[in-house]
Amino acid sequence: MQRSKIDVILGIQWGDEGKGKIVDALSPRYDIIARFQGGPNAGHTIKFGRTTHVLHTIPSGIFHEGKVNVIGNGVLIDACIMAEEIESLRRIGIEPAERMKISDKAHLILPTHRLLDMALEQRKGERKIGSTVKGIGPAYTDKTARCGLRVGDIFLPDFAERYRQRKEEHLFQLAGMGFDVRAARIDNQELEQYEARWMEGIGQLRKFEVVPTELYLHEAMEAGKRILAEGAQGSLLDIDFGSYPFVTSSSTTASGVCVGLGVPPSAIGRVYGIFKAYCTRVGSGPFPTELFDATGETLREKGHEFGATTGRARRTGWLDLPALRYAIMINGVTDLVVMKADVLDGFPAVKAATGYKLDGRMVEGYPASGQLDQVEPQYVEMEGWQESLRQARAYEALPRAFRDYLKFIEKETAARITMVSVGPDREETLMCE
Ligand code: GDP
Ligand code: IMO
Ligand code: MG
4 MQRSKIDVIL GIQWGDEGKG KIVDALSPRY DIIARFQGGP NAGHTIKFGR TTHVLHTIPS
64 GIFHEGKVNV IGNGVLIDAC IMAEEIESLR RIGIEPAERM KISDKAHLIL PTHRLLDMAL
124 EQRKGERKIG STVKGIGPAY TDKTARCGLR VGDIFLPDFA ERYRQRKEEH LFQLAGMGFD
184 VRAARIDNQE LEQYEARWME GIGQLRKFEV VPTELYLHEA MEAGKRILAE GAQGSLLDID
244 FGSYPFVTSS STTASGVCVG LGVPPSAIGR VYGIFKAYCT RVGSGPFPTE LFDATGETLR
304 EKGHEFGATT GRARRTGWLD LPALRYAIMI NGVTDLVVMK ADVLDGFPAV KAATGYKLDG
364 RMVEGYPASG QLDQVEPQYV EMEGWQESLR QARAYEALPR AFRDYLKFIE KETAARITMV
424 SVGPDREETL MCE
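Residue numbers 4 to 436, in this note's numbering, belong to the letters of the sequence shown in order.
Following this line, the structure appears as structure tokens:
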């Protein structure tokens with residue numbers, strides 16, 4: 004049996020590209036679906052038939068019988084949010100414990116991490132990140148500071164005491180920041196209420212198979228099992244390569260798969276880079292092609308660009324090819340997947356930035372994040388298409404103007420488009436291979 008490779012699906016813009024939809028659509032081709040980073044800051048929407056489901060921590064392969072879903076060591080788990088996700092899956096007849104394994108090394112988001120996230124954002128004032136305030140930054144901080152709690156710890160006899168000590172430390176930090184813990188609400192609950200539900204969630208987690216998932220994945224590769232790694236957020240939110248400091252706190256790029264699942268670089272197979280046919284961003288930070296006019300509003304309305312996790316309106320703009328080229332390079336993207344192309348139906352013309360000017364001169368390569376606010380995107384305008392893409396199920400059925408747009412993207416990025424999504428449903432996906 005030949006050792007198998009791990010294929011990767013990741014967002015190559017600022018998140019919300021439609022990763023959940025594509026992971027779900029490709030799941031039948033795989034045996035194992037594994038999340039490798041991020042936590043409940045993610046909101047992955049899956050639609051089939053009349054069902055719309057949003058997942059935050061659980062991998063998007065959960066709807067397919069006979070597949071194993073893995074929460075890798077690089078992921079963060081909030082026991083309360085996870086319990087809600089489990090409950091909503093049970094309501095539609097899926098028992099996640101039968102289909103999922105959790106890494107003993109995945110870190111826990113404590114209720115007080117969420118308060119710390121709020122306090123840090125408040126103190127930043129105008130320079131706030133626009134975090135989802137799910138406790139991501141503070142929990143990864145504790146991980147790197149070597150004082151975090153991990154899922155494996157929940158089975159230790161002194162877990163309650165370890166929890167108490169971490170909480171005390173966090174309350175001490177919060178007091179130092181002048182943060183009023185009594186007045187604060189976590190998802191509309193006081194700390195003690197949220198904490199009680201969180202502890203119940205820990206009880207739920209104990210019923211799952213908590214294992215060193217890196218060992219499981221290595222055995223699975225030896226046995227030739229097909230594995231799909233599911234990214235969260237997007238490359239432009241990466242802790243190193245994103246528009247720092249307006250980023251998340253994990254490695255959202257392909258190299259994150261290695262640390263987040265415990266697999267060597269040589270194990271990586273295809274890398275699917277998912278992007279929208281335009282751009283969106285939620286939260287603060289530079290966005291060179293952002294539109295502040297009626298076109299931007301149309302994109303938001305037609306694309307239902309409101310966050311799956313926070314409900315916030317997403318900022319919208321034209322496709323940004325310099326950013327895409329940069330993300331393709333960092334990730335070693337082998338396959339491009341174009342999402343939400345149908346949102347551009349009926350536009351008289353579509354635009355894409357092919358380069359940036361800075362101080363009147365064309366920028367070589369990709370600018371430093373500090374310069375992204377000052378660049379002037381240089382646009383190419385193309386003919387739009389008036390037909391609806393939603394019914395198309397084969398490349399040949401697509402309107403000529405849209406096919407020209409796809410060819411233009413391939414030429415500009417020197418990468419191959421192998422999938423096109425023309426609607427939110429699982430079925431509304433075209434394979435172009
Ligand atoms: P993710 O975080 O990358 O999984 O993406 P989200 O779920 O946050 O956001 C993507 C949104 O676009 C969801 O509401 C999806 O149902 C929707 N969606 C995905 N693909 C398409 C598409 O091709 N066309 C349209 N119109 N909507 C899509
Ligand atoms: P999915 O997986 C879009 C953004 C937040 C904020 C910044 C930091 O659904 O694509 P954090 O909560 O990590 O401290 O927020 O990153 N952000 C996302 N934007 N999609 C996401 O996930 C995101 N997760 C975080 O809006 O700007
Ligand atoms: Mg999302």
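Glycine included, each C-beta is placed from N, C-alpha and C at the ideal position.
| DSSP three-state assignment for residue 279, whether helix, strand or coil | Here residue 279 refers to the residue found at position 276 when the sequence shown is read from its first residue. Three-state DSSP puts residue 279 in a strand.
| Short check: CB of residue 272 to CB of residue 339, under 8 angstroms? | Locating residue 272 in the sequence shown gives position 269, counting from the first residue. Locating residue 339 in the sequence shown gives position 336, counting from the first residue. Cβ atoms of residue 272 and residue 339: not closer than 8 angstroms.
| message | residue 331 and residue 216 - do their beta-carbons sit closer together than 8 angstroms? | response | The sequence position of residue 216 within the sequence shown is 213, counting from 1. The sequence position of residue 331 within the sequence shown is 328, counting from 1. Contact: no.
| query | Taking the C-alpha atoms as reference points, what is the distance between residue 347 and residue 257? | reply | If you number the sequence shown from 1, residue 347 lands on position 344. If you number the sequence shown from 1, residue 257 lands on position 254. Within the model, the alpha-carbon separation for residue 347 versus residue 257 is close to 29 angstroms.
| For residue 329, which three-state DSSP category applies? | In the sequence shown, the residue the question calls residue 329 occupies position 326. Helix, per DSSP.
| Inter-residue spacing [alpha-carbon to alpha-carbon] between residue 414 and residue 110 | In the sequence shown, counting from the first residue as 1, residue 414 sits at position 411. In the sequence shown, counting from the first residue as 1, residue 110 sits at position 107. Rounded to whole angstroms, residue 414 and residue 110 show a C-alpha spacing of 42 angstroms.
| query | In its own chain, which residues sit with a C-beta less than 7 angstroms from the C-beta of residue 250, not counting the 5 before and 5 after it? | reply | The sequence position of residue 250 within the sequence shown is 247, counting from 1. Non-local C-beta neighbours of residue 250 in its own chain, meaning closer than 7 angstroms and more than five positions away in sequence, comprise 240, 241, 242, ordered along the chain.
| Looking at the structure shown, is residue 433 part of a helix, part of a strand, or coil, going by DSSP? | Here residue 433 refers to the residue found at position 430 when the sequence shown is read from its first residue. In the structure shown, residue 433 sits in a strand (DSSP, three-state: E or B).
| message | Between 112, 13, 197, which has its C-alpha nearest residue 188's C-alpha? | response | The residue you call residue 188 lines up with position 185 of the sequence shown. Just measuring C-alpha positions, the residue of 112, 13, 197 sitting nearest residue 188 is 197.
| request: Locate the alpha helix (DSSP H) running through residue 37, then write down its first and last residues. | output: As a working note, residue 37 is residue 34 in the sequence shown. Bounds of any alpha helix (DSSP H) do not take in residue 37; it lies within the beta strand (DSSP E) bounded by 35-38.
| request: In angstroms with no decimal places, state the Cα-to-Cα distance between residue 52 and residue 67. | output: Here residue 52 refers to the residue found at position 49 when the sequence shown is read from its first residue. Here residue 67 refers to the residue found at position 64 when the sequence shown is read from its first residue. Residue 52 and residue 67 have their C-alpha atoms spaced approximately 14 angstroms apart.
| Considering residue 93, what are the terminal residues of the alpha helix (DSSP H) in which it resides? | As a first step, residue 93 is located in the sequence shown; it is residue number 90 there, counting from the start. Its alpha helix (DSSP H) spans residues 82-94.
| Reference residue 158, options 200, 206, 184, closest by Cα | What you label residue 158 is simply residue 155 of the sequence shown in a count that begins at 1. For the residues 200, 206, 184, the minimum Cα distance to residue 158 belongs to 206.
| field | Delimiting residues of the beta strand (DSSP E) encompassing residue 212 | value | Here residue 212 refers to the residue found at position 209 when the sequence shown is read from its first residue. Looking at the DSSP string, the run of the beta strand (DSSP E) that includes residue 212 is 212-214.
| said: Nearer than 7 angstroms: is that true of the beta carbon of residue 345 relative to any heavy atom of ligand 3? | reply: Residue numbering aside, residue 345 sits at position 342 when the sequence shown is read from its first letter. Every heavy atom of ligand 3 is 7 angstroms or more from the Cβ of residue 345, so no.
| task | Would you mind reading off the limits of the alpha helix (DSSP H) that contains residue 196? | result | Taking the first residue of the sequence shown as 1, we reach residue 196 at position 193. Note, residue 196: alpha helix (DSSP H), 194-208.
| request: Measure how close the beta-carbons of residue 82 and residue 204 come, nearest whole angstrom, since I'm counting them as under 8 angstroms. | output: Walking along the sequence shown from the start, residue 82 turns up at place 79. Walking along the sequence shown from the start, residue 204 turns up at place 201. Right, their Cβ atoms sit about 3 angstroms apart.
| According to DSSP, is residue 460 helix, strand or coil? | The chain is shown only over 4 to 436; residue 460 falls outside these bounds and no answer can be derived.
| query | Going by C-alpha distance, which of 365, 409, 377 is nearest residue 386? | reply | Along the sequence shown, one-based indexing puts residue 386 at 383. Of the candidates 365, 409, 377, the one whose C-alpha sits nearest the C-alpha of residue 386 is 409.
| message | Can you give me the C-alpha to C-alpha distance between residue 267 and residue 17, rounded to a whole angstrom? | response | Locating residue 267 in the sequence shown gives position 264, where the first residue counts as 1. Locating residue 17 in the sequence shown gives position 14, where the first residue counts as 1. Rounded to whole angstroms, residue 267 to residue 17 spans 26 angstroms at the Cα level.
| field | Candidates 43, 255, 342, of which the one nearest residue 282 by Cα | value | In the sequence shown, the residue the question calls residue 282 occupies position 279. When each option's Cα is compared against that of residue 282, the closest is 342.
| For residue 419: DSSP bridge partner residues | Here residue 419 refers to the residue found at position 416 of the sequence shown. Note: residue 419 sits in no beta bridge, so no partner.
| request: Using beta-carbon positions only, say whether residue 180 and residue 122 come within less than 8 angstroms of one another. | output: Counting from 1 along the sequence shown, the entry for residue 180 is found at position 177. Counting from 1 along the sequence shown, the entry for residue 122 is found at position 119. It is a contact, given that the beta carbons lie within the stated cut-off.
| request: Starting from the Cα of residue 291, find the closest Cα among 264, 269, 259, 246 and give me that residue. | output: In the sequence shown, counting from the first residue as 1, residue 291 sits at position 288. Taking residue 291 as reference, the option from 264, 269, 259, 246 with the minimal CA-CA separation is 246.
| Of the residues 429, 255, 436, the one placed nearest residue 50, counting alpha carbons only | Here residue 50 refers to the residue found at position 47 of the sequence shown. Sorting 429, 255, 436 by C-alpha distance to the C-alpha of residue 50 places 429 at the top.
| Can residue 47 be considered in contact with ligand 3, in the sense that its beta carbon sits closer than 7 angstroms to one or more heavy atoms? | The residue you call residue 47 lines up with position 44 of the sequence shown. Yes, the Cβ of residue 47 comes within 7 angstroms of a heavy atom of ligand 3.
| message | So the candidates are 14, 214, 6, 4; which of them puts its Cα closest to the Cα of residue 280? | response | Start at 1 with the first residue of the sequence shown, and residue 280 comes out as number 277. Of the candidates 14, 214, 6, 4, 14 places its Cα closest to the Cα of residue 280.
| request: Quick one: measure Cβ to Cβ for residue 402 and residue 356, integer angstroms, because I've assumed they're closer than 8 angstroms. | output: Here residue 402 refers to the residue found at position 399 of the sequence shown. Here residue 356 refers to the residue found at position 353 of the sequence shown. With a Cβ gap of about 23 angstroms, residue 402 and residue 356 do not count as contacting.
| task | May I ask you to check if the CB of residue 19 is nearer than 7 angstroms to at least one heavy atom of ligand 3? | result | On the sequence shown, residue 19 is found 16 positions in, with the first residue counted as 1. Result yes, Cβ under 7 angstroms from ligand 3.
| Contact set for residue 345: own chain, Cβ-Cβ below 6 angstroms, skip 5 residues either direction | Residue 345 sits at position 342 when you count from the first residue of the sequence shown. The residues are 392, 393, 425, 426.
| task | Find the nearest neighbour of residue 311 within the set 57, 32, 37, judged by alpha-carbon distance. | result | By 1-based counting over the sequence shown, the position of residue 311 is 308. Nearest of 57, 32, 37 to residue 311, Cα basis: 57.
| query | Expressed to the nearest angstrom, what Euclidean distance is found between the alpha-carbon atoms of residue 139 and residue 318? | reply | Counted from its first residue, the sequence shown places residue 139 at position 136. Counted from its first residue, the sequence shown places residue 318 at position 315. For residue 139 and residue 318, the distance between alpha carbons rounds to 22 angstroms.
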